[in-house]
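Visitor: Below is the structure I would like to discuss, written out as structure tokens.
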Amino acid sequence: MAHEHQHHSAAEGQAPAGNHRRRLAIAFGITFAVFIAQAVGALITGSLALLTDTAHMLTDTSGLLVALVAATLMLKPPTPERTWGFRRIEVMAAMGQATLLLIVGVYTAVEGVLRLLDPPEVPGTELLVFGVIGLVANVASIAVLSSGRDANFNMRAAFLEVLGDALGSLGVIVAAILIATTGFQRADPIAGLFIAALIVPRAVKLLGETSRVLMEFTPKGLDLEEVRGHILDLEHVRAVHDLHASTVATGLPVISGHIVVEERCFTDGCAADVLREVRHCVAEHFEVSIEHSTFQIETQSVRDDEPPTLG
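When you line the sequence shown up against the working numbering, it's residues -16 to 294, in that order.
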């Protein structure tokens, strides 16, 4: 008895990515329109805060477009050449967006410090108008994306982007009010630094999470040694090796391993019982439920013929 598989066509408890395409399309349209408006505003006012928010908006516009394309590609069925289809493209899209956000954040931080030392004059009234336009549009995008924000990496990245834009627009508004009422020009670079402080941490966090998936690290919350111990406690199991777990995409953790059983299990039929128990164990006993499992049931003599492994 070599292998046993459990297959689920969609992530457990998750709606298919295509269900979110309409939300992404609406958010993309809103964000693109605001990007154009803010780009004009940045040229008119010369504001670092607005320029930063515009660059952030450009990043988010491209990110939402990538997210929309990714959500469409994720609907394509698996093939013999692409056995997981395009499920992992949502992880790659989220990583690309996070990288762009990090670049924008670092640039803003550097430029903000330079402008604190020598702040240029920025018209507060015009800055306020464009800040309000950005905030209203971002709140609309947040409303569109909020219900699907936990669906996958792709949707979460999109939601975080428009949320960051909304906070950035709020920073622009505060800076505009301070400049208009007090003439404090350093409010503009301070607002730019505030936006950078919003962008960088979440970009780093998202990069870390997507990197874990692409590097095929063990899913968070799953202790493989605990899994090994549970399996070893099962009747007839003598050893466990080549035990690996990773995440293909959001909501799709997978696990594989070799289970060494007593020789008689292949004559009295208990090998099938062991396999069922192992599958049930990884699906039910741990914080991370793994429905897609691949286990090889073998005897010690078969194990002795295999090359050395790390697992």
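All C-beta atoms in this analysis are idealised placements derived from N, C-alpha and C, irrespective of residue type, glycine included.
Going by CA-CA distance only, name the one from Gly117, Gly234, Leu110, Ala222 that's closest to serine 284.
Guide: If we check each option's Cα against that of serine 284, Ala222 comes out closest.
Visitor: Confirm, please, whether the CB-CB distance from phenylalanine 269 to serine 229 is below 9 Å.
Guide: Not in contact: serine 229 and phenylalanine 269 (Cβ atoms no closer than 9 Å).
Visitor: Determine the DSSP secondary structure at isoleucine 273, reduced to helix, strand or coil.
Guide: Isoleucine 273: coil per DSSP, three-state reduction.
Visitor: For threonine 230, which of helix, strand or coil comes out of DSSP?
Guide: Strand.
Visitor: Would you mind working out which of His263, Ala32, Arg6, Thr277 sits nearest leucine 150, comparing C-alpha positions?
Guide: With distances taken between Cα atoms, leucine 150 lies closest to Ala32.
Visitor: Do you know offhand how far valine 115's Cα is from serine 152's?
Guide: Going by the C-alpha atoms only, they are around 7 Å apart.
Visitor: Rounded to whole angstroms, what is the Cα-Cα separation between glutamine 279 and methionine 75?
Guide: In a straight line, the C-alpha of glutamine 279 is about 31 Å away from that of methionine 75.
Visitor: Can you give me the C-alpha to C-alpha distance between arginine 27 and glycine 154, rounded to a whole angstrom?
Guide: According to the sequence shown, residue 27 is isoleucine rather than arginine. Going by the C-alpha atoms only, they are around 18 Å apart.
Visitor: Buried or exposed for arginine 98, please, with buried defined as at least 16 other CB atoms from any protein chain shown within 10 angstroms of its CB.
Guide: Arginine 98 is buried by the Cβ-count criterion.
Visitor: By DSSP, does leucine 235 sit in helix, in strand, or in coil?
Guide: Here leucine 235 sits in strand by DSSP.
Visitor: Contact between the segment 178 to 193 and the segment 35 to 45: three or more CB pairs below 8 Å?
Guide: Touching, yes, given that three or more Cβ pairs across the two stretches are closer than 8 Å.
Visitor: Take phenylalanine 113 as the anchor and find which of Phe142, Met40, Glu274, Leu207 has the nearest alpha-carbon.
Guide: Of the listed residues, the one whose Cα sits closest to phenylalanine 113 is Met40.
Visitor: If you check the beta carbons only, do alanine 123 and isoleucine 13 fall under 9 Å apart?
Guide: Yes, the pair counts as a contact, with Cβ atoms nearer than the cut-off.
Visitor: Among the candidates Ala232, Phe11, His275, Ala255, whose CA atom is the shortest distance from the CA of valine 243?
Guide: The residue with the shortest Cα to Cα distance from valine 243 is Ala255.
Visitor: Taking all protein chains shown into account, do 16 or more other C-beta atoms lie within 10 angstroms of the C-beta of glutamate 281, making it buried, or fewer, making it exposed?
Guide: Glutamate 281 comes out buried.
Visitor: Using C-beta distances below 8 Å, list every residue in its chain close to cysteine 264, excluding the 5 sequence neighbours before and after it, in chain order.
Guide: Same-chain partners within the cutoff: Val210, His213, Ile214, Leu217.
Visitor: Bridge partners of glutamine 279, per DSSP?
Guide: Glutamine 279 is bridged to His241.
Visitor: Within this structure, are the beta carbons of alanine 77 and threonine 193 separated by less than 9 Å?
Guide: Closer than 9 Å, so yes.
Visitor: If you check the beta carbons only, do arginine 6 and leucine 128 fall under 9 Å apart?
Guide: It is a contact, given that the beta carbons lie within the stated cut-off.
Visitor: Between which two residues does the alpha helix (DSSP H) harbouring phenylalanine 11 extend?
Guide: 4 to 28 is the span of the alpha helix (DSSP H), which, as asked, contains phenylalanine 11.
Visitor: In terms of alpha-carbon separation, which member of Asp101, Ala20, Arg4, Glu245 lies closest to leucine 110?
Guide: Of Asp101, Ala20, Arg4, Glu245, the residue nearest in Cα terms is Ala20.
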